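What follows is a set of notes on a single structure, which appears directly below.
Written out as structure tokens, the structure reads:
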């Protein structure tokens, strides 16, 4: 006799991948978690593949063993999709630069800014700092000279430099062709 294919309820939260990620982050095997939660390995495997859903009490037990809250498993992840064409234009200063914020507005813990820098475009004449914990600049196309309080760095295409947000700096596109760079700012914790 053939078994009917298992179908999950599309409206049910898909928690399997989150449970698997928590288990793997804690370096537990399926067998170890199953034993600690008093469920079978097969059942746990089906839960992790979203082929079945645990009862509320089983989910609570799994969360307890994993040291996680049910909210960490059940809450929908905050996933944002920003299209370049729809990314808001911003201005952090400088000449010959067009900047777009690629991360959602208001997200202070991480900001990614795509900058198109015209030939010989440049930042402020005086060194400046950005209110963030860590700053990184990655050259997608062209070149960029990054000037800090202690050195100048000539970044070629695909190069990245990372530095503390409190480090005074400025920049320039040294070439007669445009550059595209990504600035990544990590906020304060």
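In the numbering used here, the protein residues as written are 2 to 190.
Backbone N, C-alpha and C fix where the C-beta goes; we use that ideal spot for every residue, glycine too.
Just so it is clear, the structure is predicted and the values come from calculations on it, not from any experiment.
Practice prompt. Express the C-alpha separation of residue 33 and residue 141 in angstroms, rounding to a whole number.
Written response: Annotation: residue 141 to residue 33 spans about 45 Å, alpha carbon to alpha carbon.
Worksheet entry | Proximity of residue 121 and residue 143 at Cβ, strictly below 8 Å | The criterion of a C-beta distance shorter than 8 Å is not satisfied by residue 121 and residue 143.
Item to complete: Take residue 20 and list the residues in its own chain whose beta-carbon comes closer than 7 Å to its own, dropping the five residues that flank it on each side.
Response: Hits under 7 Å: 48, 49, 63, 74.
Practice prompt. Measure the C-alpha to C-alpha separation of residue 146 and residue 55 and round it to an integer number of angstroms.
Written response: Going by the C-alpha atoms only, they are around 55 Å apart.
Worksheet item: How would you call residue 124, buried or exposed, if buried means at least 16 neighbouring beta carbons within 10 angstroms?
Response: Classification of residue 124: buried, given that the 10 Å Cβ count is 16 or more.
Worksheet entry | Proximity below 8 Å, CB of residue 104 to CB of residue 112 | In terms of Cβ geometry, residue 104 and residue 112 form a close pair [threshold 8 Å].
Item to complete: On a CA-only basis, which of 89, 119, 117 is nearest residue 107? Give me that one, please.
Response: Cα-wise, what sits closest to residue 107 is 89.
Discussion item. Can you tell me where the alpha helix (DSSP H) holding residue 62 begins and where it ends?
Written reply: Its alpha helix (DSSP H) spans residues 57 to 67.
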